[in-house]
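Chemist:
2 protein chains.
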Amino acid sequence: MESIKQVIHSMIQASDREMNQFLEDSRVATYQPYEVLAEPGVIPESIFFISHGLVRVIIADQAGDEHTIHFALENQFIADYSGFILRQPGLYYLQALEETQVFILPRKSIEWGYSNMQEGQKLGRLIAEFYFIYHDNRIKNLYARTPLERYNALAEVFPNIHNRVPQHMIASYLGITPVHLSRLKKNNRY
Amino acid sequence: MESIKQVIHSMIQASDREMNQFLEDSRVATYQPYEVLAEPGVIPESIFFISHGLVRVIIADQAGDEHTIHFALENQFIADYSGFILRQPGLYYLQALEETQVFILPRKSIEWGYSNMQEGQKLGRLIAEFYFIYHDNRIKNLYARTPLERYNALAEVFPNIHNRVPQHMIASYLGITPVHLSRLKKNNRY
DNA sequence: TTAAAATGATAACATTTGTTAACGCATACA
DNA sequence: TGTATGCGTTAACAAATGTTATCATTTTAA
Numbered sequence: 193m194e195s196i197k198q199v200i201h202s203m204i205q206a207s208d209r210e211m212n213q214f215l216e217d218s219r220v221a222t223y224q225p226y227e228v229l230a231e232p233g234v235i236p237e238s239i240f241f242i243s244h245g246l247v248r249v250i251i252a253d254q255a256g257d258e259h260t261i262h263f264a265l266e267n268q269f270i271a272d273y274s275g276f277i278l279r280q281p282g283l284y285y286l287q288a289l290e291e292t293q294v295f296i297l298p299r300k301s302i303e304w305g306y307s308n309m310q311e312g313q314k315l316g317r318l319i320a321e322f323y324f325i326y327h328d329n330r331i332k333n334l335y336a337r338t339p340l341e342r343y344n345a346l347a348e349v350f351p352n353i354h355n356r357v358p359q360h361m362i363a364s365y366l367g368i369t370p371v372h373l374s375r376l377k378k379n380n381r382y
Numbered sequence: 193m194e195s196i197k198q199v200i201h202s203m204i205q206a207s208d209r210e211m212n213q214f215l216e217d218s219r220v221a222t223y224q225p226y227e228v229l230a231e232p233g234v235i236p237e238s239i240f241f242i243s244h245g246l247v248r249v250i251i252a253d254q255a256g257d258e259h260t261i262h263f264a265l266e267n268q269f270i271a272d273y274s275g276f277i278l279r280q281p282g283l284y285y286l287q288a289l290e291e292t293q294v295f296i297l298p299r300k301s302i303e304w305g306y307s308n309m310q311e312g313q314k315l316g317r318l319i320a321e322f323y324f325i326y327h328d329n330r331i332k333n334l335y336a337r338t339p340l341e342r343y344n345a346l347a348e349v350f351p352n353i354h355n356r357v358p359q360h361m362i363a364s365y366l367g368i369t370p371v372h373l374s375r376l377k378k379n380n381r382y
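First to last, the protein sequences are chains B and H. Here the working numbering is used: the first residue of the first sequence is 193, the next is one more, and so on. Here the working numbering is used: the first residue of the second sequence is 193, the next is one more, and so on.
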């Protein structure tokens, strides 16, 4: 409970009363490695806050192949946020890769926060901006850097990722095959 | 002046007084095709609203090659938003591709809006969410669709783009060479 | 403890994509 | 009007990346 409060306090001013009411309807859940927090086809009705653990975001293409789109770490919010905002069925799997504890914030709480917390809208803005910057950076790197450069810079975005995630998932995140990543590493001259 | 008011009113409630004060320090500017609205290396101090025209967002890689990262159309906000938020030097060129008229909203106005407009933070949240959804969609497509599929779906995101932008810029946006796009189109069997 | 499964490296080969150059056509402009 | 420039297509070839298979090692689970 403390970690989410800390993170929110680092972004906005909120009274204890606001904070407690905001979190009142949240619940804690724990997932084992490879367990699934959310599946595609369902309208997302909650936002997750990861207190510890690691969540992989996956999309499946038409052929059924799965692609790792994102890794979400402790002290971050994660959701199929587009689906949540648009109230459309999600497209992502959210999968724990480690034993992972989350707070589940239902839509009701988010909406309560927007309407009733002094800085609720600001909190929403800052979270959206955080992910905007993450996405923007990612797209910059995609256009302006090679896969190997992106590989070498990965740990800046996901600290310690190489000790927490198998390499083939990293290859998937980079948009290349595991075989190719292995080759690139071999020729990694820096 | 009317178009930006309409767009803002479609997102939030705002009194005439709020709206007029918010826009008080904005100015109108007009750019000819290929003129540049913003360059990398400078901390972005304003947000643009395109009342008509079309702006291309470009990033240059280490080799100096330019990549088209985005097209911004009329009635949209555009900026090097990451740089604006983080107060860091921008990385993008913003280039008009048609005769383009914009409102330039200085940082001062944005901050005034956050502090003084009833729904200022909400406006910021909705704009950040809009671009979040755009980015998210884009990344989904990047992983789950082929370049040809992305080409065929382009006009959904950028209406009439094929009549407004030369094909080699579209190829650049898709992350492929003009020669390759030409080949793909030739084999486009649907 | 042991057997099965997952992981990562590597090789051989196939496919995709990039590079360079040439050409025809349209457009801009002097 | 004529000339230069930009655009899109095509072809030939090169480079990058994917595919499939094999192997050794580590991890997982019975």
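In this text, a Cβ means the ideal position worked out from N, Cα and C, and glycines have one as well. In this text, all values refer to a predicted model and were calculated from it rather than measured experimentally.
(1) I want to see whether chain H comes within less than 8 Å of G316 of chain B, judged by CB atoms only; does it?
(2) Return helix, strand or coil for E291 of chain B, following the three-state DSSP convention.
(3) Taking all protein chains shown into account, do 16 or more other C-beta atoms lie within 10 angstroms of the C-beta of I235 of chain B, making it buried, or fewer, making it exposed?
(4) Have a look at H259 of chain B and S364 of chain B and give me their C-alpha separation to the nearest angstrom.
(5) Shorter than 8 Å from the beta carbon of G367 of chain H to some beta carbon of chain B?
(6) Using DSSP's beta-bridge definition, name the partner residues of V249 of chain B.
(7) Contact check, V247 of chain B vs Q287 of chain B under 8 Å by CB: the rounded distance?
(8) From B:E210, B:V249 and B:S301, pick the residue whose C-alpha is nearest to that of V228 of chain B; which is it?
(9) Y335 of chain H touches chain B at which residues, Cβ-Cβ below 8 Å?
(10) What would DSSP say about S397 of chain H, mapped onto helix, strand or coil?
(11) Counting along the chain, where does the beta strand (DSSP E) carrying A221 of chain B start and finish?
(12) Leaving out five residues on either side along the sequence, give the residues of the same chain with a beta carbon under 7 Å from the beta carbon of M441 of chain B.
(13) Taking only beta carbons into account, state which residues of the stretch 271–287 of chain B come closer than 8 Å to chain H, listed in chain order.
(14) Which chain B residues are close to Y343 of chain H, counting only those with a beta carbon under 8 Å from its beta carbon?
(15) At a CB distance below 7 Å, what residues from the stretch 294–328 of chain H approach chain B? Give them in sequence order.
(16) Please report how far the alpha carbon of L265 of chain H lies from the alpha carbon of I325 of chain B, in whole angstroms.
Modeler: On the basis of the supplied data:
(1) yes
(2) coil
(3) exposed
(4) 6 Å
(5) yes
(6) B:H262 and B:L286
(7) 7 Å
(8) B:V249
(9) I251, D253, H259, I261 and G367
(10) Any answer about residue 397 of chain H is impossible in this case: the structure gives chain H only from 193 up to 382.
(11) R219 to Y223
(12) Past the edges of chain B, shown from 193 to 382, lies residue 441 of chain B, and the structure says nothing about it.
(13) Y273, S274, I277, L278 and L283
(14) Within 8 Å Cβ-Cβ: nothing; Y343 of chain H doesn't reach chain B, min ~16 Å.
(15) Q313, K314, G316, R317, A320, E321, Y323, F324, I325, H327 and D328
(16) 21 Å
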